[in-house]
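Visitor: I have a structure here, written as structure tokens, and I will follow up with some questions on it.
There are 2 protein chains.
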Amino acid sequence: MTPDNSVQLIPVPGIPLIKPGDDLAEIITQQLAAANLTLQDGDVVALAQKIVSKNEGRLVNLRQVVASERAHQIAPLADKDPRHVQVILDESREVIWVSPGIFVVETHHGFVCANAGVDRSNIEQPGAEEGDIWLALLPKDPNQSAATLKTRFKELTGANIAVLINDTHGRPFRMGGVGVALGTAGLVALVDERGERDMFGYTLQNTVVATGDELAGAASLLMGQAAEATPVVLIRGMRYRQPKQPDTGAADLVRPPNKDVFRYPANRKEF
Amino acid sequence: MTPDNSVQLIPVPGIPLIKPGDDLAEIITQQLAAANLTLQDGDVVALAQKIVSKNEGRLVNLRQVVASERAHQIAPLADKDPRHVQVILDESREVIWVSPGIFVVETHHGFVCANAGVDRSNIEQPGAEEGDIWLALLPKDPNQSAATLKTRFKELTGANIAVLINDTHGRPFRMGGVGVALGTAGLVALVDERGERDMFGYTLQNTVVATGDELAGAASLLMGQAAEATPVVLIRGMRYRQPKQPDTGAADLVRPPNKDVFRYPANRKEF
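Same order as they appear, the protein sequences are chains F and Z.
Using numbering that gives the first Met the number 0, the first residue of the first sequence is number 0, and each one after it goes up by one.
Using numbering that gives the first Met the number 0, the first residue of the second sequence is number 0, and each one after it goes up by one.
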């Protein structure tokens, strides 16, 4: 027996390989139906970034990339193919860190992450010509991607749901990657509880919670990355807040560099 | 209908205020029974750090604290009571950052977090004498706390479960706090999938996942911080890995400073 106020994390079975232009919301709705599941108001559909990127055709064939001089400079430091470095640079507004195996940038979205989220794994090789190496880029506007999917789910099912696009990022201070929300639609990703009182009447301080990232982490627990990958997870029963319009989505989770004491050495003071 | 391979996050209702020396595992087991729930092998019981700290008597009355000269120096920079600063310093091995409202340290456990996790909210005031201000410190050894609870749950219920003690930490690059695992017992907190192959036979890289923190984030979604606080969440159906013995718990999630390019300015290179 599961209590009424519990939250379910439900892996959506049988999602096929996604191709550019597929009706992703329809495919997910069909797979849910095959599992005797119907979307309900308040559900959250979490999608791995990779299938959204593939659906949006955000794929680059390394064979067609010409590396710049800067990419050639960085490549031996990052221990990467110069064309791969070029693809990452094209997705970035700033290089944060380069060392063998670690290439951290700020993407055009403002995400500080390894390799601008550009990834080679789990990409089938369309055409499969000799020398083809396909990379998947992050969606260009993940909040817009989430909003478009939300609208399409509403058309298909009538349900008012939230959509979350997640990825896995490393972080300072802690080992291992965790799920993060690249894009959301239909939920408040950053919940500000400051000013509320706790059980003893003491006003809470510093209680701004990254609900979007916690949902992404929860979904990520079921997604896996290897052969048994499950790119879509249904989150049911979560009492999230409705966003004001326009919905700023997961952009609220990006910390502006000038509010980040860890971002630049110049911001740091030793005591 | 909930599919068999789903994960449930179940808030445990009716947990009373916890006092030093209470049999915490027994209280939780009783409240689960009142909700018609029985612990099963493989369950994860997630506990908010605050109730574990209170249970272990990790409470300090500010009135009994004498601030050092260093605490007096830092207090105006941090905009805090010098005695409060002293309590934080006592819990820390290094001060990382001080500015009004932001006091980041490395705790004796190695956690880099605000105020060494020392918190005033949700602490009842035992005795309630004029001038009493109670602070809760983090558990001294959260992995040991988790292991002790795991053993006690086994005695009470016969179930082999995992225990997770979670808190909320801020982080660089991203706005808002997220749940993190301070201590775990009975599960692999840091899962290393490197060397596994993806669906297309490509060997995965950089896929070390902080499962402990993702579980903490998932539990945190239901815990809340304000009046409706739910300090215990049962996670059911999660297929986590069993740790080798001795169980190193959530210590695996603490990044050694020498593996952290963001930790010290000296580690940084601009490109």
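We put the CB at the ideal spot given by N, CA and C, even for glycine.
Between PRO10/F and chain Z, is there a C-beta pair that is closer than 8 Å?
Guide: Interface residue, yes.
Visitor: Can you tell me which of the three DSSP states VAL64/Z falls into?
Guide: Coil, per DSSP.
Visitor: Using the beta-carbon of each residue, which ones in chain Z are nearer than 7 Å to ILE101/F?
Guide: Residues of chain Z passing the Cβ test: VAL260.
Visitor: Measuring only between beta-carbons, confirm whether THR210/F sits less than 8 Å from chain Z.
Guide: Cβ-Cβ to chain Z under 8 Å: yes for THR210/F.
Visitor: I need the DSSP call for SER52/F, collapsed to helix, strand or coil.
Guide: SER52/F falls in the helix class under three-state DSSP.
Visitor: Who are HIS168/F's beta bridge partners in DSSP?
Guide: According to DSSP, which records beta bridges pairwise, HIS168/F is partnered with VAL177/F.
Visitor: When the Cα of PHE102/Z is compared with those of HIS168/Z, THR183/Z, LYS243/Z, which residue comes out closest?
Guide: The shortest C-alpha separation from PHE102/Z is found at HIS168/Z.
Visitor: Would DSSP call SER5/Z helix, strand or coil?
Guide: Coil at SER5/Z, not helix or strand.
Visitor: Please name the residue in ASN114/F, LEU134/F, ALA218/F whose C-alpha comes closest to that of VAL11/F.
Guide: Among ASN114/F, LEU134/F, ALA218/F, the Cα nearest to that of VAL11/F belongs to ALA218/F.
Visitor: In whole angstroms, what is the alpha-carbon distance linking LEU155/F and GLY185/F?
Guide: Their backbone Cα atoms lie some 17 Å apart in a straight line.
Visitor: Within a Cβ cutoff of 7 Å, which residues of the same chain sit near HIS71/F, ignoring the five residues on either side of it in sequence?
Guide: So the list reads PRO81, once near-sequence residues are dropped.
Visitor: Taking only three categories from DSSP, how would you classify ALA226/F?
Guide: Residue confidence for ALA226/F is low, a pLDDT of 49 falling below 50, so the modelled location carries little weight and cannot support an answer.
Visitor: Quick check on the burial criterion: 16 or more other C-beta atoms within 10 angstroms. Buried or exposed for GLU68/F?
Guide: By the neighbour-count rule (16 or more Cβ atoms within 10 Å), GLU68/F is not buried but exposed.
Visitor: Pairs of beta-carbons, one from the region 174-191 of chain Z and one from the region 243-251 of chain Z, closer than 8 Å: are there three or more?
Guide: Counting Cβ pairs under 8 Å, three or more are found: they touch.
Visitor: Going along chain F in order, which residues have a C-beta closer than 9 Å to the C-beta of ALA74/Z?
Guide: Simply none; closest approach about 12 Å.
Visitor: Grouping DSSP H, G and I as helix and E and B as strand, with all else coil, what is LYS18/Z?
Guide: Coil at LYS18/Z, not helix or strand.
Visitor: Going straight from the alpha carbon of ASN165/Z to that of ASN54/F, what length do you get?
Guide: Looking at the two C-alpha atoms, the distance is approximately 36 Å.
Visitor: Please identify, using Cβ separations under 9 Å, the residues of the region 160-181 of chain Z that lie next to chain F, in order along the chain.
Guide: Per Cβ criterion, the list reads THR167, HIS168, GLY169, ARG170, PRO171, PHE172, ARG173, MET174, GLY175, GLY176, VAL177, GLY178, VAL179.
Visitor: Do LEU189/F and MET174/Z come within 8 Å of each other at the CB atom, strictly closer than that value?
Guide: Cβ atoms of MET174/Z and LEU189/F: closer than 8 Å.
Visitor: Kindly list, in the order they appear in chain F, the residues whose Cβ is closer than 9 Å to that of LEU214/Z.
Guide: By Cβ distance, chain F contributes GLY216, ALA217, LEU220.
Visitor: Between which two residues does the alpha helix (DSSP H) holding LEU28/Z run?
Guide: For the sequence presented, residue 28/Z should be read as Thr rather than Leu. Here the alpha helix (DSSP H) through THR28/Z covers 23-33.
Visitor: Is the CB of LEU137/Z under 8 Å away from at least one CB in chain F?
Guide: Closer than 8 Å: no.
Visitor: Please confirm whether LEU134/Z has its beta-carbon closer than 8 Å to some beta-carbon of chain F.
Guide: Output row for LEU134/Z: interface = no.
Visitor: Against chain Z, which members of the region 3-28 of chain F pass a CB distance test of less than 7 Å?
Guide: Flagged, chain order: ASN4, SER5, VAL6, GLN7, LEU8, ILE9, PRO10.
Visitor: For GLY100/Z and ALA66/Z, what's the separation of their Cα atoms in angstroms?
Guide: Computed Cα separation, rounded: 19 Å.
Visitor: Give me whichever residues DSSP pairs with THR106/Z in a beta bridge.
Guide: DSSP output for THR106/Z lists SER91/Z as bridge partner(s).
Visitor: Give the residues of chain F in contact with LEU186/Z, contact being defined as C-beta atoms less than 7 Å apart.
Guide: What LEU186/Z touches in chain F: nothing, since even the nearest Cβ is about 11 Å away.
Visitor: Using the Cβ count rule (16 or more neighbours within 10 Å means buried), how would you classify THR206/Z?
Guide: Buried, by the Cβ-count rule.
Visitor: Take GLY211/F and list the residues in its own chain whose beta-carbon comes closer than 6 Å to its own, dropping the five residues that flank it on each side.
Guide: Hits under 6 Å: ALA180, THR183, ALA188, ALA249, LEU252.
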